[in-house]
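Report on the structure given below.
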């Protein structure tokens, strides 16, 4: 039995914050957000920083959603919301007389390059690439700046881990799985742009278990891929979801159709066309066992729980 911990979650009001709070419900959870009882602006020190004092764990989740058009204003906010919040959390930890022993800071599996030939792990994964869509390069640059802000934080008494997270799948409404499920139920869950691009994902149960594992293992720091060991091509990913949802047909879409649809929905086609082939090299090497390593089984579980939830 793990002793009760105080876990502070800056930026924890979104989908991932909700599932973390649920998974660690037996512990003291403190959510810091722009409209929570303990409020902040995500860039300056304030009374909220007192919550860092004596905390066991900090899990940083702040950052503007990438589900938007990459306009100049949105790009600036996506970058600043990540870098500024990480910087100021680091300042709060550095100023604490009793700082937390571990800081798990959200990052993203999108830091890796678009590729179809091999999987990206922490040791050999490709990050910089001379080719590709400018929007894809922008996403990589944000991820790199995010992790650089974490690395620069002067917190010698606090272990730091960058969580390079793939899409976290849970049955909660308005999460990414909910969006994909609704698309599938409407008969639109087919291959997009040929469907060869890889989809990386992680079941909510394994995400929470990996967080718990990282908290317990004091020898692990730096970047850790939070993803299932079995990413798969988008066409296979959607076929498995259709099977779990009881839908035999999913209409396909060409790349240009996806770009047009993304424009209409005020988002970016990168989110569905970039190949994210990411594997959890460090977790697997350390012996972490996934409960849901295979998407087919995970999809069946998520569909069943969504239907009864």
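In this note's numbering, the protein residues as written are 182 to 490. In this text, a Cβ means the ideal position worked out from N, Cα and C, and glycines have one as well.
Practice task
Keeping to the same chain, check which residues put their C-beta closer than 6 Å to that of residue 460; ignore five residues upstream and five downstream.
Solution key: Here residue 460 refers to the residue found at position 279 of the chain shown. Excluding residues within five positions, the ones whose Cβ falls inside 6 Å are 300, 302 and 410.
Problem - Helix, strand or coil at residue 415 [DSSP, three-state] - result: Here residue 415 refers to the residue found at position 234 when the chain shown is read from its first residue. The answer is helix: DSSP assigns residue 415 an H, G or I state.
Exercise for the section: Could you tell me the boundaries of the alpha helix (DSSP H) in which residue 462 lies? Expected result: Within the chain shown, numbered from 1, the residue matching residue 462 stands at position 281. Element bounds for residue 462: 462–466.
Exercise for the section: Could you give the DSSP three-state label for residue 346: helix, strand or coil? Expected result: Position 165 of the chain shown, counted from the start, is the residue given in the question as residue 346. Reduced to three states, the DSSP call for residue 346 is strand.
Handout entry: Closer than 8 Å to chain D by CB, residue 240
Key = Note that chain D does not occur in the displayed structure, where there is just one protein chain.
Exercise for the section: For residue 296, collect the residues of the same chain with a Cβ closer than 7 Å to its Cβ; drop the 5 residues on either side in sequence, then sort them by chain order. Expected result: As a working mapping, residue 296 is identified with position 115 in the chain shown. Once the five neighbours on either side are set aside, the close Cβ partners of residue 296 are 307, 456 and 458.
Exercise for the section: Determine the contact status of residue 407 and residue 345, defining contact as a CB-CB distance below 8 Å. Expected result: Start at 1 with the first residue of the chain shown, and residue 407 comes out as number 226. Start at 1 with the first residue of the chain shown, and residue 345 comes out as number 164. Their beta carbons are under 8 Å apart, which means residue 407 touches residue 345 by this criterion.
Problem - residue 197, buried or exposed, once every other Cβ within 10 Å from all chains shown has been counted against 16 - result: Against the chain shown, residue 197 aligns to sequence position 16. Its Cβ being crowded by 16 or more others within 10 Å, residue 197 is buried.
Exercise for the section: Enumerate in chain order the residues of its own chain whose CB-to-CB distance from residue 274 is below 8 Å, with the five nearest sequence positions on each side excluded. Expected result: To locate residue 274, count along the chain shown from 1; it is residue 93. Answer for residue 274: 233, 239, 280, 281, 284, 334, 336 and 339, listed in chain order.
Practice task
Would you identify the three-state DSSP class for residue 407, choosing helix, strand or coil?
Solution key: On the chain shown, residue 407 is found 226 positions in, with the first residue counted as 1. Residue state, collapsed to three classes: strand.
Handout entry: Whole-number beta carbon distance between residue 434 and residue 357, since they are thought to touch under 8 Å
Key = Position 176 of the chain shown, counted from the first residue, corresponds to residue 357. Position 253 of the chain shown, counted from the first residue, corresponds to residue 434. The Cβ separation is near 18 Å, so there is no contact.
Practice task
Give the secondary structure of residue 221 by DSSP, where H, G and I count as helix, E and B as strand, and everything else as coil.
Solution key: One-based indexing of the chain shown puts residue 221 at position 40. Note: residue 221 maps to coil in three-state DSSP.
Practice task
Return helix, strand or coil for residue 379, following the three-state DSSP convention.
Solution key: Along the chain shown, one-based indexing puts residue 379 at 198. Correct three-state label for residue 379: strand.
Problem - Straight-line Cα distance separating residue 393 from residue 166 - result: In the structure as shown, the chain starts at 182 and stops at 490, and residue 166 therefore has no counterpart that could be examined.
Handout entry: Residue interval of the alpha helix (DSSP H) (run including residue 284)
Key = Numbered from 1 along the chain shown, position 103 holds the residue referred to as residue 284. Where residue 284 is concerned, there is no enclosing alpha helix (DSSP H), although the beta strand (DSSP E) it sits in stretches over 283–287.
Handout entry: Cβ contact (3+ pairs, closer than 8 Å) linking the segment 261–271 and the segment 221–228
Key = yes
Practice task
Can you tell me which of 348, 468, 395 and 189 puts its alpha carbon nearest to the alpha carbon of residue 206?
Solution key: By 1-based counting over the chain shown, the position of residue 206 is 25. When each option's Cα is compared against that of residue 206, the closest is 189.
Exercise for the section: May I have the straight-line CA-CA distance separating residue 422 from residue 243, to the nearest angstrom? Expected result: Along the chain shown, one-based indexing puts residue 422 at 241. Along the chain shown, one-based indexing puts residue 243 at 62. Computed Cα separation, rounded: 29 Å.
Exercise for the section: Please report how far the alpha carbon of residue 252 lies from the alpha carbon of residue 425, in whole angstroms. Expected result: Residue mapping note: residue 252 aligns to position 71 of the chain shown, counting from 1. Residue mapping note: residue 425 aligns to position 244 of the chain shown, counting from 1. Cα-Cα distance, rounded: 37 Å.
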